[in-house]
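Down below is the structure, laid out as structure tokens.
In mature numbering (1 follows the signal peptide of the UniProt record, and there is no 0), the protein residues as written are -17 to -1, 1 to 378.
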């Protein structure tokens, strides 16, 4: 082979295998180890490197895991400073229903992990007839709208009511878990996240709705299950659309069995102040809690709290409409805002295991938004997915 042709092939290989801006470029991945033009791979530790803005000097070699199985993120990257206020910029709507005969009205409730150079997204499909789940993947958010859908009713998850997924890799068992609601708190497992047909039939964490939830739910709904683990225990959070955040726990060695009866971790007499879609993340040596609220303008937004323990107590952080974690008034749009709701979603984590670690450096949040003029039956609302990126990062 001529040297010039060989160099062309090598250059093409690098172009086809590059991580996007803010993507992972080293550590616990077997995907791209270089960044696209305009970004440089910043090394944080042997477990994590990230593409940040800068001039790309060329390929950078980073340490790779030796196991064929995903490895837990043992040491989180620098977490950045806890901000006293946040500013974000939003994309346009990126992901919506396909014209494929499914007659889906909305794509909502996304969960996301970045693994092996690919963004893996799970979401609810909503229509008047009910909910189920969908999976898609892509390597660049610019291509998210073109990603093929795999409807998870074609997997062991099956048909019927399934909604509000959360995905993570449970390292002790070398299994991916998809947690979701099906009238109970349900889960399915899969050894390979890239094989959407591989998800098992639903199992539940509880035999029935726990008494404490039944006694406090009023006319709300039991929704939005969320699992996070520390070194000793796994914790299961849920909400009731009636001002209560519930939590139960089990030893990590017993997961997914053995969860205690839930306790009320937080409550508010104003049900809309603690409505639903709770997220809990590890940030270095503390935890960040996000909860979706419905504002005085009837628009959805996120409040935040912090704690030294997953079990709380939780200290208010960015929890007012004038200084929110994420709300239409601290999100910039290109031109006219396509949504006034910053609703159910998930931060893009630095890893993918059960510890749910994040960095406060240039945070990104995939969320559901809604045309401000849309109305009608809730299940048929035209929710779409988009991405907000922090613009006032301290690092």
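The beta-carbon is built from N, C-alpha and C at its ideal position, and this holds for glycine as well.
Worksheet item: Three or more C-beta pairs closer than 8 Å, one from the stretch 271 to 282 and one from the stretch 296 to 312: is that the case here?
Response: Touching, yes.
Worksheet entry | Per-residue burial, residue 286 [other beta carbons within 10 Å of its own, 16 or more giving buried] | So residue 286 ends up on the buried side.
Item to complete: Use the C-beta contact count for residue 207: other C-beta atoms within 10 angstroms, 16 or more gives buried, fewer gives exposed.
Response: Result: buried.
Worksheet entry | Every unbroken beta strand (DSSP E) inside the stretch 218 to 279 [3 residues or more] | Fully enclosed beta strand (DSSP E) runs of 3 or longer: 227 to 234, 246 to 250, 259 to 266, 269 to 277.
Item to complete: Please report how far the alpha carbon of residue 179 lies from the alpha carbon of residue 147, in whole angstroms.
Response: CA-to-CA, the gap between residue 179 and residue 147 works out to about 17 Å.
Worksheet entry | Contact belief for residue 90 with residue 103 at Cβ below 8 Å, rounded distance in angstroms | The Cβ separation is near 15 Å, so there is no contact.
Worksheet item: Nearest-angstrom Cα distance between residue 222 and residue 20?
Response: In a straight line, the C-alpha of residue 222 is about 43 Å away from that of residue 20.
Worksheet item: How long is the line joining the alpha carbons of residue 182 and residue 134, rounded to whole angstroms?
Response: It is roughly 12 Å from the alpha-carbon of residue 182 to the alpha-carbon of residue 134.
Item to complete: May I ask you to report which of helix, strand or coil DSSP gives residue 167?
Response: When DSSP states are grouped into helix, strand and coil, residue 167 belongs to the coil group.
Worksheet entry | residue 367 beta carbon less than 9 Å from that of residue 109 | No, these two residues do not count as a Cβ contact at 9 Å.
Discussion item. Quick check: what's the CA-CA separation for residue 23 versus residue 34?
Written reply: Their backbone Cα atoms lie some 5 Å apart in a straight line.
Discussion item. Does residue 188 come out as helix, strand or coil in the three-state DSSP assignment?
Written reply: Correct three-state label for residue 188: coil.
Practice prompt. Would you mind sorting residue 16 into buried or exposed? The rule is 16 or more other CB atoms within 10 Å of its CB.
Written response: Result: buried.
Practice prompt. Please classify residue 216: does DSSP put it in a helix, a strand, or coil?
Written response: DSSP places residue 216 within a strand segment (E or B) once states are collapsed to three.
Item to complete: Name the two residues that bound the continuous beta strand (DSSP E) containing residue 115.
Response: Where residue 115 is concerned, the enclosing beta strand (DSSP E) stretches over 113 to 121.
Worksheet item: Which partner residues of residue 89 appear in the DSSP bridge assignment?
Response: According to DSSP, which records beta bridges pairwise, residue 89 is partnered with 109.
Discussion item. Could you compute how far the alpha carbon of residue 302 sits from the alpha carbon of residue 158?
Written reply: Roughly 35 Å separates the two Cα atoms.
Worksheet item: Are residue 239 and residue 188 touching if we call contact CB-CB under 9 Å?
Response: Contact: yes.
Discussion item. With the cut-off set at 9 Å, would you say residue 127 and residue 121 are in Cβ contact?
Written reply: Yes, the Cβ-Cβ distance between residue 127 and residue 121 is below 9 Å.
Practice prompt. Keeping to the same chain, check which residues put their C-beta closer than 6 Å to that of residue 244; ignore five residues upstream and five downstream.
Written response: Taking residue 244 as the centre and dropping the five residues before and after it, the same chain places the C-beta of 193 closer than 6 Å to its C-beta, in chain order.
Fill in: Sub-9 Å separation of residue 290 and residue 270 beta-carbons
The beta carbons of residue 290 and residue 270 sit closer together than 9 Å.
Worksheet item: Nearest to residue 201 by alpha carbon, out of 236, 252, 168, 212?
Response: With distances taken between Cα atoms, residue 201 lies closest to 252.
Discussion item. Determine whether the beta carbon atoms of residue 347 and residue 322 lie at a separation below 9 Å.
Written reply: No, Cβ-Cβ distance for residue 347 and residue 322 is not below 9 Å.
Worksheet item: Which runs of the beta strand (DSSP E) spanning at least 3 residues fall entirely within the stretch 284 to 325, listed in chain order?
Response: Runs found: none.
Item to complete: Could you check what DSSP says for residue 335 in three-state terms: helix, strand or coil?
Response: Of the three classes helix, strand and coil, the one that applies to residue 335 here is coil, per DSSP.
Discussion item. Suppose contacts are defined by Cβ-Cβ distances below 9 Å. Is residue 272 in contact with residue 330 by that definition?
Written reply: No. Outside cutoff.
Discussion item. Let's see if you can read the secondary structure: which residues bound the beta strand (DSSP E) around residue 349?
Written reply: For residue 349, the enclosing beta strand (DSSP E) starts and ends at 347 to 352.
Practice prompt. On the DSSP bridge assignment, give the partners of residue 74 in chain order.
Written response: Partner(s): none; residue 74 has no beta bridge.
Discussion item. For residue 327 and residue 319, what's the separation of their Cα atoms in angstroms?
Written reply: Each residue's alpha carbon lies about 21 Å from the other.
Worksheet item: Under three-state DSSP, which class holds residue 359?
Response: In the structure shown, residue 359 sits in coil (DSSP, three-state: anything other than H, G, I, E or B).
Worksheet entry | Pairwise C-alpha distance: residue 282 and residue 160 | Their backbone Cα atoms lie some 31 Å apart in a straight line.
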